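Visitor: Below is one structure. I have some questions about it.
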Amino acid sequence: MRRPHNRADWIGALFCMAIGVMISLEAYRLQAYAQSLYVGDHTLPAILGFLFVMLGGVLLVQSYPGKAHAAPPRQAVAPGDERPRVLFAWLSLLLYAWLIGAMGYLLATALASVAFFMLIGFYRLYVAVFYSLLLTGAMYAVFILWLQMPFSGGDLW
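Its first residue numbered 64, the sequence shown is counted upward by one per residue in our numbering.
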């Protein structure tokens, strides 16, 4: 579905494509130092540059402004209504930064993700707790069990 007068997505698509071109140029510059075409420091920037350009192009085509037949619709929500949520999000980030040192990475991530699922995702408490446990469990499995990276245990434990 196309949203009419979606100038923000159109500008974001152009910005994304420009970043993709810059990343691709950096990959091309790093390719001169590589010993192989497929392996080296240039591989990840080349993949990311390609993805940025392609996804920016898809967004550009999807959000092309086209002809305007009517005035853009007004927002139903006043801009001031989002301020408390933004403030709570910033406070949650600051609290999360403190909780990592105090309670450890996993417990702090579980608590902060509950807050963010409720603030940003508009989920109810039990759904936010469920998703938070899934997220924390996945991060534990990937980083601690699979990659064997030690995380902060916190000062309280």
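Beta carbons: idealized from backbone N, C-alpha and C, even for Gly.
Since the model is a prediction, treat every value here as computed from it, not as a measurement.
Alpha carbons only, please: which of F193, A95, A90 is nearest the one belonging to L114?
Guide: Of the listed residues, the one whose Cα sits closest to L114 is A90.
Visitor: Taking the alpha helix (DSSP H) that V84 belongs to, which residues open and close that run?
Guide: 70-94
Visitor: Need the endpoints of the alpha helix (DSSP H) that Y159 sits in, please.
Guide: Annotation: the continuous alpha helix (DSSP H) that includes Y159 extends over 146-166.
Visitor: Buried or exposed for I183, going by 16 or more other Cβ atoms inside 10 Å?
Guide: exposed
Visitor: Considering only C-alpha positions, which residue in the set A178, A109, D72 is nearest to L157?
Guide: A178
Visitor: Please report how far the alpha carbon of M166 lies from the alpha carbon of T199, in whole angstroms.
Guide: Each residue's Cα considered, the two are about 14 Å apart.
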